[in-house]
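*Asks:* Can you keep this structure in mind? I'll have questions shortly.
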Amino acid sequence: MIRLFAGLPAALALAACATAPPAPTYPEAASYDVSENAMADVDAALARAGASGKRVLLVMGANWCHDSRALAGWLESARIAALVEREYELVFVNIGMPQTGDGHNLAVAHRFGLKELPGTPNLLVLTADGTLVNPDTATTWRNAASRSEAAIFAELERLADQPV
């Protein structure tokens, strides 16, 4: 009987190796660097938007968050990157973990009328004068890892032309 169970630990170890989590089905990027002055980064993007006639795509997230990394990764995909290049001035702001009270750069969100950030990421589309184009959807991106490239592209394309 002892011989029968002698190989059990090895079999269990091999079974554990076979159950590794699957690779994500979305691209990932860690674009949320800690900035000395995130507000200055946003101001610079607004100035570029004023000069270029584009809108600002302000992505507020964190590298710890898989949805934030997924959104940043999708923004680097060829199709979406071309749209962003054509229509937006892109800026990333690291906001830490606001849902647990450990938020960073929350004054940036407050500046554009968002009192609370219930999670990450948040995607704000701004006119060059700082008007928030998408107040109803800015904080609805907490499922970015579940969204398809086509859905993200369609939303960004819609927001590029949406009247204020």
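Going letter by letter, the sequence shown gives residues -15 to -1, 1 to 149 in mature numbering (1 follows the signal peptide of the UniProt record, and there is no 0).
Each residue gets a CB set at the ideal place from its N, CA and C atoms; glycine is no exception.
Quick one: using the 10 Å Cβ neighbour count with 16 as the cut-off for buried, is R40 buried or exposed?
*Replies:* Flag for R40 reads buried.
*Asks:* On the criterion of 16 or more Cβ atoms from any shown chain inside 10 Å, does V19 qualify as buried, or is it exposed?
*Replies:* Label assigned to V19: exposed.
*Asks:* Just how far apart, CA to CA, sit Q84 and A123?
*Replies:* Taking the straight line joining both Cα atoms gives about 16 Å.
*Asks:* My guess is that V76 and V27 are in contact by the Cβ rule of under 8 Å, so how many angstroms apart are they, rounded?
*Replies:* Contact holds; Cβ gap of about 6 Å.
*Asks:* Assign G98 to buried or exposed, taking buried as 16 or more other Cβ atoms, counted over all protein chains shown, within 10 Å of its Cβ.
*Replies:* With fewer than 16 Cβ atoms within 10 Å of its Cβ, G98 is classed as exposed.
*Asks:* Please specify which runs of the beta strand (DSSP E), each continuous and at least 3 residues long, are wholly inside the stretch 63 to 140, giving them in chain order.
*Replies:* Within the stretch 63 to 140, the complete beta strand (DSSP E) runs of at least 3 residues are 73 to 79 and 107 to 111.
*Asks:* Assign G38 to one of three DSSP states: helix, strand, or coil.
*Replies:* Correct three-state label for G38: coil.
*Asks:* I'd like the span of the alpha helix (DSSP H) that includes S53, first residue to last.
*Replies:* Where S53 is concerned, the enclosing alpha helix (DSSP H) stretches over H51 to E61.
*Asks:* Have a look at A130 and V69 and give me their C-alpha separation to the nearest angstrom.
*Replies:* For A130 and V69, the distance between alpha carbons rounds to 19 Å.
*Asks:* Alpha carbon to alpha carbon, what distance is there between I80 and S37?
*Replies:* Rounded to whole angstroms, S37 to I80 spans 27 Å at the Cα level.
*Asks:* When you compare the stretch 128 to 142 with the stretch 43 to 58, are there three or more beta-carbon pairs, one atom per stretch, that lie closer than 8 Å?
*Replies:* With a cut-off of 8 Å, the stretch 43 to 58 and the stretch 128 to 142 count as touching, because enough Cβ pairs lie within range.
*Asks:* Applying the 10 Å Cβ sphere with the 16-neighbour rule, what's the burial state of G88?
*Replies:* Buried: at least 16 other Cβ atoms inside 10 Å.
*Asks:* Using the Cα positions of A47 and A15, report the straight-line distance between them to the nearest angstrom.
*Replies:* Their backbone Cα atoms lie some 8 Å apart in a straight line.
*Asks:* I need the DSSP call for V27, collapsed to helix, strand or coil.
*Replies:* Three-state DSSP puts V27 in a helix.
*Asks:* Looking at M45: is its Cβ nearer than 8 Å to the Cβ of P106?
*Replies:* Contact flag set, yes.
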